[in-house]
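Numbering (the numbering used here), first residue to last: 3 to 215.
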């Protein structure tokens with residue numbers, strides 16, 4: 003990592019201790035640092051064990067570039083867990099109504115993107131935005147009361163081969179692929195190269211398109 007950072011200067015270091023309960027704070031810190039470092043139309047969060055086709059993902063974002071407040075990802079609505087022995091126990095479960103209720107719609111944590119206006123809002127208000135147990139639920143809650151367009155983009159949550167491979171062969175490569183059982187590519191150090199080989203978008207899609215004069 004040190005060698006890559008020295009050559010490409012592409013690693014952002016945060017003063018944060020990694021942990022499941024600290025992920026909502028981590029994404030807030032990332033957005034604040036990213037905003038001060040890069041002037042971008044979109045800010046994208048992606049887990050390091052997810053296979054991403056950069057060109058396809060860029061094309062998805064480009065379709066919404068003219069909109070000021072957009073939240074893009076694979077939207078879901080899972081159950082609120084009130085069992086305190088569960089890994090996904092939600093201490094604030096009572097806020098979501100009677101037992102058995104689901105969370106509001108929010109993007110899965112593997113990959114999601116927001117426009118600059120929304121990133122600025124979260125960064126400016128991070129000290130008063132509530133943090134739930136799960137990062138993706140927390141992130142969705144910060145936007146639920148705002149005038150935001152939620153874009154449910156299923157190309158950002160394809161399955162690993164053969165799912166993403168079949169779609170690539172059909173001419174519809176995925177933006178992101180992972181194994182739901184592992185919430186990412188299982189054993190990514192051993193398998194990511196294979197997933198990339200079978201699900202790659204190919205060079206033409208990955209390269210920026212020439213601008214017409």
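Ideal Cβ positions, reconstructed from N, Cα and C, are used throughout, including at glycine.
Roughly how many angstroms lie between the CA atoms of residue i and residue j, to the nearest whole one?
i           : j           : result
residue 32  : residue 49  : 13 Å
residue 40  : residue 79  : 32 Å
residue 34  : residue 177 : 25 Å
residue 122 : residue 91  : 30 Å
residue 154 : residue 98  : 22 Å
residue 118 : residue 108 : 18 Å
residue 158 : residue 138 : 15 Å
residue 15  : residue 104 : 35 Å
residue 84  : residue 93  : 7 Å
residue 65  : residue 87  : 43 Å
residue 149 : residue 194 : 38 Å
residue 186 : residue 82  : 22 Å
residue 141 : residue 26  : 7 Å
residue 203 : residue 57  : 7 Å
residue 60  : residue 156 : 15 Å
residue 6   : residue 192 : 20 Å
residue 201 : residue 96  : 42 Å
residue 198 : residue 69  : 31 Å
residue 136 : residue 24  : 9 Å
residue 173 : residue 129 : 45 Å
residue 46  : residue 189 : 23 Å
residue 145 : residue 44  : 15 Å
Assuming residue i is part of the alpha helix (DSSP H), what are its boundary residues?
i           : result
residue 187 : It is not in any alpha helix (DSSP H) - residue 187 carries neither H nor E in the DSSP assignment.
residue 28  : 25–39
residue 5   : 4–10
Does residue i pass the burial test, meaning 16 or more other C-beta atoms within 10 Å, or should it be called exposed?
i           : result
residue 133 : buried
residue 101 : exposed
residue 77  : buried
residue 10  : exposed
residue 184 : exposed
residue 179 : buried
residue 171 : exposed
residue 126 : exposed
residue 212 : Residue placement at residue 212 is poorly supported in this model, since its pLDDT is 46, which falls under 50; the coordinates still yield a value, given next. Exposed: under 16 other Cβ atoms inside 10 Å.
Identify the continuous beta strand (DSSP E) that holds residue i and give its terminal residues.
i          : result
residue 77 : 72–78
residue 89 : Element bounds for residue 89: n/a, residue is neither H nor E.
Taking DSSP's pairing of strands, which residues face residue i in a bridge?
i           : result
residue 66  : DSSP output for residue 66 lists no bridge partner at all.
residue 48  : 113
residue 204 : None, per the DSSP bridge assignment.
residue 54  : 178
Practice task
Would you mind listing the beta strand (DSSP E) stretches within the stretch 95–181 that are 3+ residues and don't spill past its ends, in chain order?
Solution key: 108–117, 151–154
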